[in-house]
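**Q** My questions will all concern the structure given below.
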Amino acid sequence: MQTLRAGPATLRVDRGRGGRLASLIVHGHELLVTRGPGRTDPLMWGCYPMAPFAGRLRGGRFRWAGATHQLVANHGGHAIHGTV
Numbered sequence: 002m003q004t005l006r007a008g009p010a011t012l013r014v015d016r017g018r019g020g021r022l023a024s025l026i027v028h029g030h031e032l033l034v035t036r037g038p039g040r041t042d043p044l045m046w047g048c049y050p051m052a053p054f055a056g057r058l059r060g061g062r063f064r065w066a067g068a069t070h071q072l073v074a075n076h077g078g079h080a081i082h083g084t085v
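If you read the sequence shown in the numbering used here, its first letter stands for residue 2, the second for the next number, and so on.
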C-alpha cells in the first residue's frame, strides 16, 4: 500500500490490486467505500483511476471547441481509459 499526501488530502493506493485507490480522505472525511467485512471483492470498494478520461471514446475521436481530436485507438478501434 502506497500513501500519498497533499495538503488536507491523503490517498492510499493498493499496488497489489492493480493500482486501485483504496482510500481518499480529505479534511478528515473518507470519500470512498473502503475494504471491510463483506467487501473483499476489489470491485466492491475503492476505485480505479479512470484517466486520462472515463469510459470509451468511439473511434478514438471527439469534437470540442469546433475541432476534432484523435486519440490512440487502443481497444478494438476505440480509445479506452486507464493509460496512465
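Virtual Cβ for every residue (Gly too), placed ideally from N, Cα, C.
1. Using only alpha-carbon positions, find the residue among PHE63, ILE26 and LEU58 that is nearest to PRO9.
2. So the beta strand (DSSP E) ASP15 belongs to, where does it begin and stop?
3. So, at 7 Å on beta carbons, what are the nonlocal neighbours of HIS30 in its own chain, with the 5 sequence-adjacent residues on each side left out?
4. Quickly, what does DSSP pair ALA23 with across the bridge? List them, please.
5. Would you call the segment 65-81 in contact with the segment 33-48, where contact means no fewer than 3 C-beta pairs closer than 8 Å?
**A** The relevant details are as follows:
1. By one-based count along the sequence shown, residue 9 stands at place 8. The residue with the shortest Cα to Cα distance from PRO9 is ILE26.
2. In the sequence shown, counting from the first residue as 1, residue 15 sits at position 14. Residues 10-15.
3. In the sequence shown, the residue the question calls residue 30 occupies position 29. So no residue of the chain qualifies.
4. Position 22 of the sequence shown, counted from the start, is the residue given in the question as residue 23. ALA23 is not bridged to any residue.
5. no
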